[in-house]
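Numbering (the numbering used here), first residue to last: 135 to 336. Here a beta-carbon is modelled for each residue, glycine too, at the ideal position from N, C-alpha and C. Report on the following structure.
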């Protein structure tokens with residue numbers, strides 16, 4: 135029978151030899167390397183930027199128009215009026231950042247609904263929501279405004295966040311996207327508070 139001390143020594147020596155053998159099969163300098171993210175195809179990157187930026191621009195433009203409509207044609211409670219005024223300032227500032235970058239890089243921000251099923255469904259939904267907002271009573275308008283803005287802000291936040299990896303070679307665009315994510319994330323929290331205050335969500 136092998137003594138316990140000697141047996142443990144043999145086990146340690148065996149494990150050491152095994153580790154050395156394994157490391158010998160690893161290329162030099164690779165033992166501690168972190169997994170790398172594959173480089174994106176430049177053509178794919180440009181295509182994604184050109185496809186998504188008009189959607190972000192439309193989001194800014196739509197909310198600016200809605201804020202203007204509220205300021206002139208709607209009588210809303212003070213917290214909602216304050217949110218709308220803040221929305222106009224922030225969306226306007228973000229829109230200017232986006233337009234400045236697009237102008238320098240020759241990127242069109244014109245938005246066009248797609249001709250396929252999804253594009254036409256989006257067009258019909260936008261048209262229907264516009265009709266609802268214009269025909270609402272003041273009480274119903276405040277409810278619908280908060281619900282629609284909650285959905286819009288959440289979508290804008292995630293859309294901008296998903297585009298950030300494609301903007302690594304465009305620092306100004308990347309800063310705009312980070313700012314858009316941060317603002318819309320704050321907006322989602324504010325809208326949740328307003329929805330709970332007005333008893334539209336539990």
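Worksheet item: Three or more beta-carbon pairs under 8 angstroms between the segment 287 to 295 and the segment 255 to 270, yes or no?
Response: Here the segment 287 to 295 does not lie against the segment 255 to 270, with fewer than 3 beta-carbon pairs under 8 angstroms apart.
Item to complete: Just mark residue 217 as buried or exposed, buried being the case when its beta carbon has 16 or more other beta carbons within 10 Å.
Response: Around the beta-carbon of residue 217, 16 or more other beta-carbon atoms lie within 10 Å, marking it buried.
Discussion item. Closer than 8 angstroms is the cut-off here; do at least three beta carbon pairs connect the segment 207 to 214 with the segment 226 to 240?
Written reply: no
Practice prompt. Drop a sphere of 10 angstroms on the beta-carbon of residue 251, count the other beta-carbons inside from all chains shown, and report buried for 16 or more, exposed for fewer.
Written response: exposed
Worksheet item: So, helix, strand or coil for residue 268, using DSSP?
Response: Reduced to three states, the DSSP call for residue 268 is helix.
Worksheet item: Counting pairs of Cβ atoms below 8 angstroms between the segment 268 to 282 and the segment 312 to 324, do you hit three or more?
Response: no
Worksheet entry | 8 angstroms Cβ shell around residue 228 - same chain, five flanking residues per side excluded | 194, 310, 313, 314, 317
Worksheet entry | Euclidean distance between Cα positions of residue 299 and residue 223 | 27 angstroms
Item to complete: Quick one: using the 10 Å Cβ neighbour count with 16 as the cut-off for buried, is residue 286 buried or exposed?
Response: Its Cβ being crowded by 16 or more others within 10 Å, residue 286 is buried.
Worksheet item: In terms of residue numbering, what span does the alpha helix (DSSP H) encompassing residue 193 cover?
Response: 176 to 207
Worksheet entry | Residues near residue 168 by beta carbon distance below 7 angstroms, same chain, minus five either side | Confidence at residue 168 is low in this model, with a pLDDT of 38, below 50, so the placement of that residue is unreliable and no value is reported for it.
Item to complete: Give every residue of the same chain whose Cβ lies closer than 6 angstroms to the Cβ of residue 290, excluding the five residues on either side of it in the sequence, and list them in chain order.
Response: 193, 318
Practice prompt. Round the Cβ separation of residue 247 and residue 253 to the nearest angstrom and send it over; I've been treating them as touching at under 8 angstroms.
Written response: 5 angstroms
Worksheet item: When DSSP labels each residue in this structure, what does residue 258 get in the three-state scheme?
Response: helix
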